[in-house]
Amino acid sequence: MIDAEILERHNRQREAAHRRDLEYLAERLARSGIALEVVLDELATFEVALPTWAMAAGGTRFGRFPIPGEPRTIFEKLEDAAVIHQLTRATPRVSPHFPWDVVDDWAALRAHAEALGLGFDAVNSNTFQDQPGQPHSYKLGSLSHADPAVRRQAIAHNLQVVAWGQELGSTALTVWLADGSNYPGQMHLRRSFERVQESLAEIYAALPEGWRMLIEYKPYEPAFYATVIQDWGSALLLAQALGERAQCLVDLGHHLPNTNIELIVARLIGVGKLGGFHFNDAKYGDDDLTAGSIKPYQLFLVFNELVDAAREGVPGFRPAYMIDQSHNVKDPIEALLQTVDHLQRAYARALLVDREALSHYQETGDVLMAERTLRAAFETDVGPLVAEVRRRRGGALDPVLAFRESGYRQQKARERSTPATAQAPGYA
Ligand code: AOS
Ligand code: ZN
Ligand code: ZN
Numbered sequence: 001m002i003d004a005e006i007l008e009r010h011n012r013q014r015e016a017a018h019r020r021d022l023e024y025l026a027e028r029l030a031r032s033g034i035a036l037e038v039v040l041d042e043l044a045t046f047e048v049a050l051p052t053w054a055m056a057a058g059g060t061r062f063g064r065f066p067i068p069g070e071p072r073t074i075f076e077k078l079e080d081a082a083v084i085h086q087l088t089r090a091t092p093r094v095s096p097h098f099p100w101d102v103v104d105d106w107a108a109l110r111a112h113a114e115a116l117g118l119g120f121d122a123v124n125s126n127t128f129q130d131q132p133g134q135p136h137s138y139k140l141g142s143l144s145h146a147d148p149a150v151r152r153q154a155i156a157h158n159l160q161v162v163a164w165g166q167e168l169g170s171t172a173l174t175v176w177l178a179d180g181s182n183y184p185g186q187m188h189l190r191r192s193f194e195r196v197q198e199s200l201a202e203i204y205a206a207l208p209e210g211w212r213m214l215i216e217y218k219p220y221e222p223a224f225y226a227t228v229i230q231d232w233g234s235a236l237l238l239a240q241a242l243g244e245r246a247q248c249l250v251d252l253g254h255h256l257p258n259t260n261i262e263l264i265v266a267r268l269i270g271v272g273k274l275g276g277f278h279f280n281d282a283k284y285g286d287d288d289l290t291a292g293s294i295k296p297y298q299l300f301l302v303f304n305e306l307v308d309a310a311r312e313g314v315p316g317f318r319p320a321y322m323i324d325q326s327h328n329v330k331d332p333i334e335a336l337l338q339t340v341d342h343l344q345r346a347y348a349r350a351l352l353v354d355r356e357a358l359s360h361y362q363e364t365g366d367v368l369m370a371e372r373t374l375r376a377a378f379e380t381d382v383g384p385l386v387a388e389v390r391r392r393r394g395g396a397l398d399p400v401l402a403f404r405e406s407g408y409r410q411q412k413a414r415e416r417s418t419p420a421t422a423q424a425p426g427y428a
């Protein structure tokens, strides 16, 4: 991890300016009747899981550009995750992906994570690629495949992933399927969905106590004509058919352009089926860009729904927050530090919304003032709040700069000299 002295020096150099910024913000908030300490306490509860697959340089189907010092194993990915947690104090868990994360000693991995102060979030199965030695191919589907032998193999893999997750203390399985068709006629649209439901029911029935199943949807890619679980409606139908412990996972990039994602979030909360998020951002499709980099207002509006639900105490509301990004051109650690900061800012802004006023304007039909209430929160510079939460918890005032000052990447480039094992590009 990063030398404590480097971190202290980083904070010391910025402390005076930070205090002035925070005092100014506290004064502004007080004028609107908002107590700084209350917001800080709520903001400090925000945690988001890091995906192991985003720790190394990602890629597209055209290529991948490895960077020196990227992690080669899940052990090294955890080291990088620990640095991100050290600087942000908001990422205490990692979400692994099987079989991309190869583990042969579970006790050693557990001990490694514990020593780094990390735990594990949802485990991800992978039936969108064929693995060496696998008897059946997923070329034409996995849990939806017409051949029961292929479905059985895909079900068995998911059960295996759950068993591995138990080794790690995880309590959720995320299922994302590439199942679908590229041409009209290729797949029976109704029956393929029924088969997915039946397969998921087998996995669901075997879930250990306290576990949840998170069902991820996506409109297209790699299937370009019809994806079996293509939208929140399909995911919701499955979650409802399976039972209470099955919920939907909203990956922000998995929507067609202009979809109102905050409305979907509100709908899912309304029926108790919002299981979690894969945070990222997109301009066109499943771009997997840094959360908040393209549509910060949308991200704020999503968090606005989350804060609203939390304040109201909606029963069973406890979505899992995870990041799902592919870092092709940024240093992955820096990109993740930036992402966490963007997420915290969106959350902080949502905490500042004057909900009483908003509800009054909604009920009295004052459209302009209702919108203005949201915008007032969105336009507040919450940087000092987020920095203060980090500082109080022992993190960095400016995580990206602290990371650069630490020389961590250069040091890893020396230590992790052999080329990174090729990671599957594309479907991040
Ligand atoms: C794919 O587009 C999804 O976002 C999944 O979450 C996927 O399993 C994950 O990104 C790992 O590739
Ligand atoms: Zn995802
Ligand atoms: Zn995706």
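Counting with full-length UniProt numbering, you get residues 1 to 428 for the letters of the sequence shown.
The beta carbon of each residue, even a glycine, is placed where N, CA and C say it ideally should be.
Just so it is clear, the structure is predicted and the values come from calculations on it, not from any experiment.
So is residue i buried or exposed if we call it buried at 16+ other beta carbons inside 10 Å?
i: T290; result: buried
i: Q344; result: buried
i: Y24; result: exposed
i: P319; result: buried
i: K139; result: exposed
i: N158; result: buried
i: W106; result: exposed
i: F65; result: exposed
i: P315; result: exposed
i: A377; result: buried
i: N182; result: exposed
i: G394; result: exposed
Can you determine whether any heavy atom of ligand 2 sits closer than 7 Å to the C-beta of residue i, and answer yes or no?
i: D251; result: yes
i: W232; result: no
i: W106; result: no
i: H278; result: yes
i: residue 429; result: What is shown of the chain runs 1 to 428, which leaves residue 429 out entirely.
i: W53; result: no
i: W176; result: yes
Is residue i near ligand 1, in the sense that its beta carbon is under 7 Å from a heavy atom of that ligand?
i: K218; result: yes
i: W211; result: no
i: D324; result: yes
i: N124; result: yes
i: H10; result: no
i: H97; result: yes
Which partner residues does residue i have in the DSSP bridge list?
i: E371; result: According to DSSP, E371 bridges with nothing at all.
i: H10; result: Paired residue(s): none; H10 is not in a bridge.
i: D251; result: H278
i: T227; result: G180
i: F120; result: V94
i: T60; result: G63
i: R212; result: A172
i: M322; result: A49, H278
i: L289; result: D281
With respect to the alpha helix (DSSP H) encompassing residue i, which residues constitute its N-terminal and C-terminal limits?
i: D341; result: 332-352
i: H157; result: 148-168
i: I264; result: 261-270
i: R245; result: Note, R245: premise wrong, no alpha helix (DSSP H); not H, not E.
i: R391; result: 383-392
i: A396; result: Note, A396: premise wrong, no alpha helix (DSSP H); not H, not E.
i: K295; result: Looking at the DSSP string, K295 is not in any alpha helix (DSSP H), and its letter there is neither H nor E.
i: K77; result: 74-88
i: S192; result: 189-205
Between which residues of its own chain and residue i is the CB-CB distance below 7 Å, once the five residues before and five after are set aside?
i: residue 479; result: It is not possible to answer for residue 479, since the shown part of the chain is limited to 1 through 428.
i: A26; result: L36
i: V161; result: F98, V123, S125, L173
So does residue i have its beta carbon nearer than 7 Å to some heavy atom of ligand 3?
i: H254; result: yes
i: D80; result: no
i: D286; result: yes
Spatial neighbours of residue i within its chain, please: CB distance less than 6 Å, with the 5 preceding and 5 following residues excluded, ordered by chain position.
i: G58; result: S326, H327, N328, A428
i: G426; result: Caution is warranted here: a pLDDT of 45 is assigned to G426, below 50, making its placement in the model unreliable, and the coordinate value is therefore given only provisionally. Answer for G426: R61, listed in chain order.
i: F75; result: H112
If you drop the 5 nearest sequence neighbours on each side, which residues of the same chain put their C-beta closer than 8 Å to that of residue i?
i: R190; result: none
i: Q131; result: P99
i: A49; result: T91, R93, V94, S95, D121, A122, A320, Y321, M322, I323
i: L238; result: V196, Q197, L200, I215, I229, A246
I want to check one thing, is the minimum distance from the CB of residue i to the heavy atoms of ligand 4 below 7 Å?
i: H342; result: In the structure shown, ligand 4 is absent; the only ligands present are ligand 1, ligand 2 and ligand 3.
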